[in-house]
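Those protein sequences? They're chains V and E, same order as listed. Per our numbering, the first sequence runs over residues 42 to 151. Per our numbering, the second sequence runs over residues 88 to 203. Just so you know, even glycine gets a beta-carbon here, dropped at the ideal spot from N, CA and C. Just so you know, these numbers come straight off a predicted model, no measurement behind them.
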Amino acid sequence: SQQGEEDPQALSIQEGENATMNCSYKTSINNLQWYRQNSGRGLVHLILIRSNEREKHSGRLRVTLDTSKKSSSLLITASRAADTASYFCATDHAGNMLTFGGGTRLMVKP
Amino acid sequence: SAVISQKPSRDICQRGTSLTIQCQVDSQVTMMFWYRQQPGQSLTLIATANQGSEATYESGFVIDKFPISRPNLTFSTLTVSNMSPEDSSIYLCSARPVGTLNTEAFFGQGTRLTVV
Numbered sequence: 042s043q044q045g046e047e048d049p050q051a052l053s054i055q056e057g058e059n060a061t062m063n064c065s066y067k068t069s070i071n072n073l074q075w076y077r078q079n080s081g082r083g084l085v086h087l088i089l090i091r092s093n094e095r096e097k098h099s100g101r102l103r104v105t106l107d108t109s110k111k112s113s114s115l116l117i118t119a120s121r122a123a124d125t126a127s128y129f130c131a132t133d134h135a136g137n138m139l140t141f142g143g144g145t146r147l148m149v150k151p
Numbered sequence: 088s089a090v091i092s093q094k095p096s097r098d099i100c101q102r103g104t105s106l107t108i109q110c111q112v113d114s115q116v117t118m119m120f121w122y123r124q125q126p127g128q129s130l131t132l133i134a135t136a137n138q139g140s141e142a143t144y145e146s147g148f149v150i151d152k153f154p155i156s157r158p159n160l161t162f163s164t165l166t167v168s169n170m171s172p173e174d175s176s177i178y179l180c181s182a183r184p185v186g187t188l189n190t191e192a193f194f195g196q197g198t199r200l201t202v203v
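Given below as structure tokens:
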């Protein structure tokens with residue numbers, strides 16, 4: 042079953058703009074992860090943030106985690122057309138299975 | 088890291104038939120997982136496949152409909168049995184390496200199944 046909710050469900054921006062996606066979850070976690078999916082293919086891991094971390098960066102990606110609010114955000118800076126994809130957050134509760142949020146469909150227009 | 092080869096990548100099947108999806112991992116992994124992604128939706132876990140034991144199914148999924156094999160630490164299969172058009176989805180296998188705390192999951196490229 043889905044643990045989290047993501048918003049927005051869909052986001053359309055111009056190339057060069059920043060894109061922010063939010064994820065909320067319900068129960069305590071070991072870590073939260075963000076994945077990207079192109080056109081219904083396999084998922085690619087983007088970034089993992091542990092429950093004791095508040096912010097993490099990887100290239101143009103910035104992830105924040107607020108465990109008191111049970112929420113996370115993914116910021117993609119200076120977006121490119123190639124960033125067009127679906128983005129999913131996934132929560133890890135017990136070190137085995139991941140539970141995925143509903144996803145955000147991002148469209149970056151050139 | 089791990090690379091997962093999943094096949095077939097897509098198939099169109101007649102209702103009432105069965106399809107077996109295979110996933111091969113290039114390294115030994117403790118846990119493998121099978122997900123279903125219905126059109127326009129997120130991933131829903133079908134079952135966890137552990138080597139040497141029966142798969143553990145999530146609520147709403149049963150072994151008779153989705154039998155799973157896990158004969159060794161690098162391979163698993165999922166069969167979608169007695170298919171109906173409602174089974175049309177993308178099926179994804181996933182694996183996490185040994186010592187899974189705070190590690191990423193790796194995914195196959197998915198099998199896009201259409202049942203007609």
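| request: Out of Phe193/E, Ala182/E and Ser175/E, point me to the one whose CA is closest to Gly103/E's CA. | output: Residue 103/E sits at position 16 when you count from the first residue of the second sequence. If we check each option's Cα against that of Gly103/E, Ser175/E comes out closest.
| field | Exposure label - Ser146/E; buried when at least 16 CB within 10 Å | value | Translated into positions along the second sequence, residue 146/E becomes position 59. Exposed.
| request: With 8 Å as the limit, tell me which residues of the stretch 83 to 101 of chain V have their beta carbon closer than that to any beta carbon of chain E; keep them in chain order. | output: Gly83, Leu84, Val85, His86, Leu89 and Arg91
| request: Report, in whole angstroms, the separation of the C-beta atoms of Ile91/E and Phe194/E, which I expect to be a contact under 8 Å. | output: Locating residue 91/E in the second sequence gives position 4, counting from the first residue. Locating residue 194/E in the second sequence gives position 107, counting from the first residue. About 6 Å; that satisfies the 8 Å criterion.
| Close beta carbons around Thr190/E, own chain, < 7 Å, minus the five adjacent residues each side | Position 103 of the second sequence, counted from the start, is the residue given in the question as residue 190/E. Around Thr190/E: Arg183 and Pro184.
| request: Count the other CB atoms, across all protein chains shown, that sit within 10 Å of the CB of Val149/V; report buried if there are 16 or more and exposed otherwise. | output: Against the first sequence, residue 149/V aligns to sequence position 108. That one is buried.
| task | At 8 Å on the CB atoms, spell out the chain V contacts of Leu106/E, in chain order. | result | Stepping through the second sequence from its first residue, residue 106/E is reached at position 19. Going along chain V, no residue has its Cβ under 8 Å from Leu106/E, so there is no contact; the nearest lies around 17 Å.
| query | Apart from the five residues just before and just after Gln138/E, which ones in its own chain have a Cβ nearer than 7 Å to its Cβ? | reply | Counting from 1 along the second sequence, the entry for residue 138/E is found at position 51. Excluding positions up to five away in sequence, the list reads Arg157, Asn159 and Leu160.
| message | Give me the chain V residues within the contact set of Glu191/E, using Cβ-Cβ distance strictly less than 7 Å, ordered along the chain. | response | By one-based count along the second sequence, residue 191/E stands at place 104. Within chain V, the residues near Glu191/E are Gln74, His86 and Leu89.
| request: Starting from Tyr144/E, follow its DSSP beta bridges and name the residues at the other end. | output: As a working mapping, residue 144/E is identified with position 57 in the second sequence. According to DSSP, Tyr144/E bridges with Ala134/E.
| task | Look at the Cβ atom of Tyr30/E, then the Cβ atom of Ser181/E, and state whether they are nearer than 8 Å. | result | Coverage of chain E is limited to positions 88 through 203, which leaves residue 30/E absent and any answer about it impossible.
| field | Neighbour flag for Met119/E against chain V, beta carbons, 8 Å | value | The residue given as residue 119/E occupies position 32 in the second sequence. Judged by the 8 Å Cβ criterion, Met119/E is not in contact with chain V.
| query | According to DSSP, is Glu173/E helix, strand or coil? | reply | Translated into the one-based positions of the second sequence, residue 173/E becomes position 86. Glu173/E sits in a helix when the DSSP states are folded into three classes.
| message | Measuring straight from C-alpha to C-alpha, what distance separates Ile99/E and Glu173/E? | response | For the purposes of this step, residue 99/E is taken as the residue at position 12 of the second sequence. For the purposes of this step, residue 173/E is taken as the residue at position 86 of the second sequence. Taking the straight line from one Cα to the other gives about 13 Å.
| request: Could you confirm whether any beta carbon from chain E is found closer than 8 Å to the beta carbon of Thr145/V? | output: Within the first sequence, numbered from 1, the residue matching residue 145/V stands at position 104. False, the Cβ-Cβ gap to chain E never drops below 8 Å.
| Strand pairing of Glu96/V, partner residues [DSSP] | Taking the first residue of the first sequence as position 1, residue 96/V is located at position 55. According to DSSP, residue pairing for Glu96/V in a beta bridge involves Thr105/V.
| field | Reduced DSSP secondary structure (H/G/I, E/B, other) of Asp151/E | value | Translated into the one-based positions of the second sequence, residue 151/E becomes position 64. DSSP places Asp151/E in coil when its eight states are reduced to three.
| message | Is there a Cβ of chain E sitting closer than 8 Å to that of Met62/V, yes or no? | response | Here residue 62/V refers to the residue found at position 21 of the first sequence. Met62/V does not count as touching chain E.
| Are the stretch 105 to 120 of chain E and the stretch 95 to 107 of chain V in contact at 8 Å, needing three or more beta carbon pairs? | no
| said: Can you check whether the C-beta of Met148/V is within less than 8 Å of a C-beta belonging to chain E? | reply: Position 107 of the first sequence, counted from the first residue, corresponds to residue 148/V. Taking Cβ atoms only, chain E never reaches closer than 8 Å to Met148/V, which makes this a no.
| chain C beta carbons: is any one of them nearer than 8 Å to that of Ser175/E? | Reference to chain C is not applicable here, since the protein chains of this structure are V and E.
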